[in-house]
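In the order they appear, the protein sequences are chains X, L, F and P. Counting from 1, position 120 in the first sequence corresponds to residue 120 in this note's numbering; the numbering is continuous, with no gaps. Counting from 1, position 98 in the second sequence corresponds to residue 231 in this note's numbering; the numbering is continuous, with no gaps. Counting from 1, position 18 in the third sequence corresponds to residue 284 in this note's numbering; the numbering is continuous, with no gaps. Counting from 1, position 66 in the fourth sequence corresponds to residue 465 in this note's numbering; the numbering is continuous, with no gaps. C-beta: ideal position from N, C-alpha, C; glycine also.
There are 4 protein chains.
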Amino acid sequence: MSVQEMLQTHPRPATADRDALTRCIDECFRCAATCTSCADACLGEEDVQGLVSCIRLNLDCADACAATGRIVARQTAPEVALVRAFIDACAAACRACAEECERHAAHHEHCRVCAEECRRCEEACNDLLSSIG
Amino acid sequence: MSVQEMLQTHPRPATADRDALTRCIDECFRCAATCTSCADACLGEEDVQGLVSCIRLNLDCADACAATGRIVARQTAPEVALVRAFIDACAAACRACAEECERHAAHHEHCRVCAEECRRCEEACNDLLSSIG
Amino acid sequence: MSVQEMLQTHPRPATADRDALTRCIDECFRCAATCTSCADACLGEEDVQGLVSCIRLNLDCADACAATGRIVARQTAPEVALVRAFIDACAAACRACAEECERHAAHHEHCRVCAEECRRCEEACNDLLSSIG
Amino acid sequence: MSVQEMLQTHPRPATADRDALTRCIDECFRCAATCTSCADACLGEEDVQGLVSCIRLNLDCADACAATGRIVARQTAPEVALVRAFIDACAAACRACAEECERHAAHHEHCRVCAEECRRCEEACNDLLSSIG
């Protein structure tokens, strides 16, 4: 809710379709939270040894989403090529993390939830890229 | 939604009341997004010179909330004194940022929205602190 | 080197002793890097199960140092009580992480190196707190 | 110093030339600190209105370097395409920030120092990319 209101009250014109922007920013911050939580939940499992790749990708994806969410949230004086590069790299991080979490989704509910969130964020990134043109 | 599901599917027992945890984590990530956006909106205003303190506190609050949201999201092997120190410092950051944004709320709608988000996050931090006991 | 030069060329007067500031900022960013690396090195060990608490504290300390390094680096319009709260919480994170890493220092060289870095950062935080008065 | 020691004591084989890795991680964290400081120094200048683009790129570059430094620091179970995408996007952020800071280098010493740091980080990113092959 807040992000949508912030974009509506911003003094500069939106750099892309406002709904696509809102969704991408919201999903990036939500995915950063979810991946941070999934890394921690994996760390709390008895079979942590088998979840090493998953934890690593969770941590990468959390960092990718946190940085990208901030960069996309900025509407003043953007460098479009730079913004695009981060949205694109973020979509790649979400896809890699989703693929890994999906492998554990049958055994660990937190991986199933995290994979779904990563897919939503990946889609929001790709939709925003299309909207930027 | 995701954070709530993540906490429900976490293998370790919650370190505090689960509703208070969920709300604090959600508000920390939302406040980090909102403050990042408010710093940027202030930077886009014609009277940016008069918003220097506001931008600085927005940036501090965004960093405070991002770190605290991650630390609170971790339920495995927590160091309670450390978690408490960050929730407490985060509440202080939210309060300072809210007070400054409230000074500009009549002239800048984004400061009004941001101040409200900071107050919600401050309250969520304080409620979680009470629940930890 | 860069941080020292940045503080020397900053338009506003330093908010504390400049050497103490430089050292605290440098150590916070270096400790964030070191703790990120130690969490990852622990994750790559065969006895990862026995390093779960260490990884968790590494991740907390990395987030604590990253946020505190940014907040301390800002010299324009600071809210002193807020800055103090974060330096104090950061010192607590460094101490907790150092204590845990020291438990594994005999078996894992990366934990020994990380514990030493955490102690240096803890000291730099405490020295800066004394200098702020 | 710490990052070099951490990579030397890591249980997994380095994912790229160790000197190039060390330098890239060190420069990413140093550039994150320098850009955070430059954004703040610009905010403290009397002609802040003329430095709006510079502040925005400083903030983007700080976030880009912080995330990339963390992702590159991880040597356990890396997803190479993802790591490459972030190093590449980080080099673009450093280049854009350096170009903007260079425009103000004659008037603001902190922009000159920051531009030099951004160029070092850009080079370290590109050297690491070449070393990964």
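Query - CB-CB length for Cys97 (chain X) against Leu51 (chain X), believed under 8 Å - result: That belief does not hold up - the Cβ atoms of Cys97 (chain X) and Leu51 (chain X) are roughly 13 Å apart, past 8 Å.
Report task. Please confirm whether Ala419 (chain P) and Asp487 (chain P) have their CB atoms less than 8 Å apart. Result -> no
Query raised in the report: Would the beta-carbon of His10 (chain X) fall within 8 Å of that of Ala174 (chain L)?
Result: yes
Requested in this report: Using a Cβ cut-off of 8 Å (strictly closer), state whether Thr421 (chain P) contacts chain F.
Outcome: no
Query raised in the report: Do Ala463 (chain P) and Ala14 (chain X) have their C-beta atoms within less than 8 Å of each other?
Result: no
Query raised in the report: Closest to Arg298 (chain L) by CA distance: which of L:Thr209, L:Leu262 and L:Arg228 is it?
Result: Absent from the model: residue 298 (chain L). The displayed extent of chain L is 134 to 266, so no value can be given.
Query raised in the report: To the nearest angstrom, how far is it from the Cα of Cys101 (chain X) to the Cα of Pro477 (chain P)?
Result: 15 Å
Query raised in the report: Should Glu45 (chain X) go down as buried or exposed, given a rule of 16 or more other Cβ atoms within 10 Å for buried?
Result: buried
Query - For Cys304 (chain F), the nearest candidate out of F:Ser397, F:Cys391, F:Ala347 and F:Glu382 (CA to CA) - result: F:Glu382
Query - Proximal residues, the stretch 182-212 of chain L versus chain X, C-beta separation under 7 Å - result: Ala199, Gly202, Arg203, Ala206, Arg207, Gln208 and Thr209
**Report entry** Cys94 (chain X) versus Leu406 (chain P) - alpha carbon distance
**Finding:** 27 Å
Requested in this report: State buried or exposed for Ser2 (chain X), treating a residue as buried only when at least 16 other CB atoms are found within 10 Å of its CB.
Outcome: buried
Query raised in the report: When the distance is taken between beta carbons, is Cys427 (chain P) closer than 8 Å to Val471 (chain P)?
Result: yes
Requested in this report: Jot down the residue ranges of each uninterrupted alpha helix (DSSP H) in the stretch 457-520 of chain P, minimum 4 residues, whole runs only, in chain order.
Outcome: 479-503
Report task. Could you name the residues of the stretch 219-247 of chain L whose beta carbon sits closer than 8 Å to any beta carbon of chain F, in the order they occur along the chain? Result -> Phe219, Asp221, Ala222, Ala225, Ala226 and Ala229
Query raised in the report: Cβ atoms of Ala149 (chain L) and Ser264 (chain L): under 8 Å apart, would you say?
Result: yes
Query raised in the report: In or out: Gly202 (chain L) buried (at least 16 other Cβ within 10 Å) or exposed?
Result: buried
Query raised in the report: At a Cβ threshold of 8 Å, is Leu129 (chain X) touching chain P?
Result: no
Report task. Determine the extent of the alpha helix (DSSP H) in which Gln315 (chain F) is found, giving its start and end residues. Result -> Unbroken run through Gln315 (chain F): none, as it is neither H nor E.
**Report entry** Any C-beta of chain X under 8 Å from that of Asp415 (chain P)
**Finding:** Before going further, note that residue 415 (chain P) is Ala rather than Asp in the sequence given. So, not an interface residue.
Query raised in the report: Any Cβ of chain X within less than 8 Å of the Cβ of Leu481 (chain P)?
Result: yes
Query raised in the report: Taking Cβ positions, are Cys356 (chain F) and Cys391 (chain F) nearer each other than 8 Å?
Result: yes
Query raised in the report: Contact check, Cys194 (chain L) vs Cys164 (chain L) under 8 Å by CB: the rounded distance?
Result: 7 Å
Report task. Check the Cβ-Cβ distances between Glu255 (chain L) and every residue of chain X, and say whether any is below 8 Å. Result -> no
Requested in this report: Determine whether the Cβ of Asp446 (chain P) lies closer than 8 Å to any Cβ atom of chain F.
Outcome: no
Query raised in the report: Roughly how many whole angstroms lie between the Cα atoms of Val447 (chain P) and His503 (chain P)?
Result: 12 Å
Query - Assumed close pair Ala225 (chain L), Leu348 (chain F) - CB separation to whole angstroms, cut-off 8 Å - result: 5 Å
Query - Backbone secondary structure at Asp152 (chain L) - three-state DSSP - result: helix
Query raised in the report: Rounded to whole angstroms, how far is the Cβ of Arg120 (chain X) from the Cβ of Leu458 (chain P), which I believe are closer than 8 Å?
Result: Between Leu458 (chain P) and Arg120 (chain X) the Cβ distance is about 26 Å, and since that is not below 8 Å, they are no contact.
Requested in this report: Could you tell me if the beta carbon of Ser37 (chain X) falls within a distance shorter than 7 Å of some heavy atom in the ligand HEM?
Outcome: Absent from the structure shown: the ligand HEM. Ligands present: none.
Query raised in the report: Which residues bound the alpha helix (DSSP H) around Met6 (chain X)?
Result: Ser2 to Gln8
**Report entry** Closer than 8 Å to chain L by CB, Arg30 (chain X)
**Finding:** yes
Query - Contacts of Ile291 (chain F) in chain P (Cβ-Cβ under 7 Å) - result: Ala432
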